[in-house]
Every structure is written in structure tokens, then in C-alpha cells.
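Mature numbering (1 follows the signal peptide of the UniProt record, and there is no 0) puts the sequence shown at residues -33 to -1, 1 to 122.
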Amino acid sequence: MTNIKRELKRRISAVSLGSLAACLLLAPLGASAEDLEVTDARMRLLPGDMPAAGYFRLHNRSEQPVVLVGAQSDAFGSIEMHRSMNHDGMASMEAVPRLELSPDEHIEFAPQGYHLMLMDQVGSLSVGDSVDITLEFEQRDPLTVGFKAVSPTSM
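Here it is in C-alpha cells:
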């Protein structure tokens, strides 16, 4: 009877080890949430129906490139990544469909540069409120970050 129990335990252990190996092989590639650091997340509220702007600093602490492809939030109908530029005294803005960060690279979303254009606000927001915005990446899980609402004059 003890030989049967030992054999059964050995087979269960082999199946468990095989299942664990399969799970590890099928796990998504890319950085984990611990490999990304978001700091200074804030959104500048503008009067009326004007879009708000989202600013933050993103640090890729992983050993792999990370590609930011967008963002979404229940507080806004749509969010786009943009970049403000100034060429020969002419200010312009362009949509940015993706932004790659090399290992250990920082990127800052700030006025006069990269920013999130937060459009079609759902409900009312006031200075001091916090809104969850989910950053979306290629080849990795999204990352939800709390953005604090700030006044347009504070930036």
C-alpha cells in the first residue's frame, strides 16, 4: 500500500511541475508593474468643455524596452497621446500613436512636450480631485495611476 501512495505522490508532483512550467512559458513577456514607475501624475483642468491635459513622469526600470500605446479612463470619453512642438515660432501639436522607452529610460509628459489629451469629460471634476487613468502598453499589462486635478495656473 505504501508503494502505491509513493507512486501516486510522484505522479501528482510530476503533473504539478509540468503545469507550473507551462504557466511560466505562457506568461506574457515584458515588464511587470514593478518595472515601471510613474511619478508626479497630475491633470490640468481647463474651463468649460476644453480638454484637460495629463502630465507625469514614466521610468522604465526593466531590462526590456516598453512601448506606451495609449490610455483610458472612465472619467473621459477619449484620451490621446500628443506632443506639442515649436518650429520657427509656430506652435503645433501632433498625435503620438506609440512611445518606446528603452531600458532604464525616463520620459516626462509635461507642458510644451508630450502630454495626454483628456477629452469628453464625464461628470464634473474640481481641483484636488483624483482620477484613475490606465496607461496601456504593448506586450504587458496596463498600469492604473491616480492623477490629481490641478489648476491651469499652477503649471
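The beta-carbon is built from N, C-alpha and C at its ideal position, and this holds for glycine as well.
Bear in mind the structure is a predicted one, so any value in this text is a computation, not a measurement.
Partner residues in the beta bridge of Ser97, as assigned by DSSP, are Lys115. 8 Å or more divides the Cβ of Phe76 from the Cβ of Phe114. A direct Cα-Cα distance of roughly 36 Å separates Ser118 from Gln31. Per DSSP, Arg28 lies in no beta strand (DSSP E) and is assigned neither H nor E. Here Ser51 is near Met60, since their CB atoms are less than 8 Å apart. Per the coordinates, the alpha-carbon of Ser121 lies some 15 Å from the alpha-carbon of Gln79.
The continuous beta strand (DSSP E) containing Thr6 extends over residues Leu3 to Arg11. In this structure, DSSP gives Ser121 a helical state, which the three-state scheme calls helix. In the three-state scheme derived from DSSP, where H, G and I count as helix and E and B as strand, Ala42 is classed as coil.
Residue burial annotation: Met17 is exposed, with fewer than 16 other C-beta atoms found within 10 angstroms of its C-beta. By DSSP's assignment, Met60 forms a beta bridge with Ser51.
Your pair Pro64 and Ser29 does not check out as a contact, with CB atoms roughly 22 Å apart and the cut at 8 Å. Shown here for Glu105: same chain residues with a beta carbon closer than 7 Å to its own, the five before and five after excluded, namely Val34 and Val36 in chain order. Residue state for Gly80 is assigned as coil, using DSSP reduced to three classes.
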